[in-house]
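K.L.:
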Amino acid sequence: MKSDKKKKVRRNAINIVGISFLIAAVVLIIFSRLFIVDILELKYVEFLDKLYEFQLIVASLSDKWLIIVIIELLFILKSVIPIPLSFVFVISGMVFPYSYAVLINAVGMALLMTIKYYWGEKLGIGKLDRKWLNYEPIQKFLNTKYGKGLMLFLSRLIPWTPTNKVSQIYGTMDYPFDRYLLISLVGYTPKIFSYSIIGRNVYNPISLDFVAPFIFLLAISGTALLILNAILGMMGEMSTSAADGK
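Each residue of the sequence shown is one higher than the one before, starting from 3 at the first, in this note's numbering.
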């Protein structure tokens with residue numbers, strides 16, 4: 003009985019977080035439409051001057067291939083060092099045109115997720131990760147026909163889901179690598195596109211082009227979280243019903 007109450011409290015808490023993301027997206031839309039731009043511009047003058055200096059430095063760099071190599075190395079280093087992916091995505095957008103930034107970020111993510119997938123396949127995962135995998139609603143969902151693929155897709159959409167951990171876990175599942183990589187990249191597409199746009203418009207942080215990707219990411223993240231929580235809630239109820247039937 004206590005276990006059921008804990009599960010219900012956990013599900014409600016996750017729902018609140020998901021709804022909060024959606025509310026934050028709406029608030030950000032209102033804020034971007036109603037905020038007094040002149041006041042905000044005054045506060046950003048010094049910040050924009052520094053960004054302009056950075057833009058000039060970037061424009062003066064002749065060897066762009068070296069920058070691409072460095073960015074891809076950052077993705078590879080992410081497999082062992084906690085480097086924020088959003089930071090790397092934004093750098094690409096700041097340095098390169100949007101289409102190139104998206105391609106560079108997609109290749110980097112493919113490298114990172116490939117490394118961690120085979121890492122998991124060869125070295126396995128830790129006890130905490132196994133405990134997560136053995137959580138009954140998750141286990142039940144993963145055992146459904148499309149469960150593994152849908153879980154992978156939703157986990158890539160949810161912002162705080164650890165990229166490396168998920169990749170390692172799927173490396174231990176005997177899940178086909180090509181399917182894993184395709185679903186992972188599709189799931190990461192909103193982040194790759196959005197942060198590349200943010201990087202491209204970071205020189206004008208009060209523009210709608212800069213704010214809109216944040217609104218989009220909040221809406222996508224909140225929706226994905228609510229869907230996953232609803233699915234796991236259904237799996238949990240099915241498990242409880244089956245246990246009561248015995």
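We treat Cβ as the ideally placed atom computed from N, Cα and C, and that holds for glycine.
1) Do you know how far the Cα of Lys129 is from the Cα of Ala112?
2) As a quick exercise: from Glu138, Ala226 and Lys167, pick the residue whose alpha carbon is nearest that of Glu239.
3) Hey, how far is the Cα of Ser157 from the Cα of Leu183?
4) What do you get for Phe89, buried or exposed, if any count of 16 or more other CB atoms within 10 angstroms of its CB means buried?
5) Spatial neighbours of Tyr120 within its chain, please: C-beta separation below 7 Å, excluding the five flanking residues on both sides.
6) Please list the segments of the alpha helix (DSSP H) lying wholly inside the region 92-173, counting only runs of 4 or more residues, in order along the chain.
7) When you compare only the Cα positions, how much space is there between Leu87 and Lys167?
8) At what residues does the alpha helix (DSSP H) containing Leu196 begin and finish?
9) Under 8 Å, do Lys150 and Tyr190 count as touching if we go by C-beta distance?
10) Does the beta-carbon of Arg202 have 16 or more other beta-carbons within 10 angstroms, so that it is buried, or is it exposed?
11) Hey, would you say Val188 sits closer than 8 Å to Met96, going by beta carbons?
12) Relative to the C-alpha of Pro99, which residue among Ile200, Ile233 and Lys124 is closest?
13) Under the three-state reduction of DSSP, which class applies to Lys66: helix, strand or coil?
14) Tell me the rounded alpha-carbon separation between Pro84 and Leu219.
15) Return helix, strand or coil for Ile85, following the three-state DSSP convention.
16) Below 8 Å on the Cβ atoms is my guess for Met237 versus Phe155; work out the distance and round it to an integer in Å.
17) Determine the burial state of Thr165: buried for a count of at least 16 other Cβ atoms within 10 Å of its Cβ, exposed for fewer.
18) Whole angstroms are fine: how far does the CA of Gln170 sit from the CA of Gln281?
19) Considering only the alpha carbon of each residue, which of Leu230, Leu152 and Gly122 lies closest to Arg181?
20) Please work out which residues of its chain come closer than 8 Å, Cβ to Cβ, to Gly122, disregarding the five sequence neighbours upstream and downstream, and give them in chain order.
21) What is the DSSP secondary structure of Lys4, reduced to helix, strand or coil?
22) Cα separation between Ser209 and Lys147?
P.N.:
Taking the geometry as given:
1) 26 Å
2) The closest CA to that of Glu239, considering only Glu138, Ala226 and Lys167, is found on Glu138.
3) 13 Å
4) exposed
5) Gly173
6) 100-125, 129-135, 138-144, 149-159 and 165-173
7) 14 Å
8) It should be pointed out that residue 196 corresponds to Ser in this sequence rather than to Leu. Where Ser196 is concerned, the enclosing alpha helix (DSSP H) stretches over Phe179 to Arg202.
9) Their beta carbons are not under 8 Å apart, which means Lys150 does not touch Tyr190 by this criterion.
10) buried
11) no
12) It is Ile200 whose Cα lies nearest to the Cα of Pro99.
13) DSSP places Lys66 in helix when its eight states are reduced to three.
14) 21 Å
15) Of the three classes helix, strand and coil, the one that applies to Ile85 here is coil, per DSSP.
16) The Cβ separation is near 17 Å, so there is no contact.
17) buried
18) Any answer about residue 281 is impossible in this case: the structure gives the chain only from 3 up to 248.
19) Leu152
20) Ser169, Gln170, Ile171, Tyr172, Gly173 and Thr174
21) Residue placement at Lys4 is flagged as unreliable, the pLDDT there being 46, under the threshold of 50; a coordinate-derived value is accordingly withheld.
22) 44 Å
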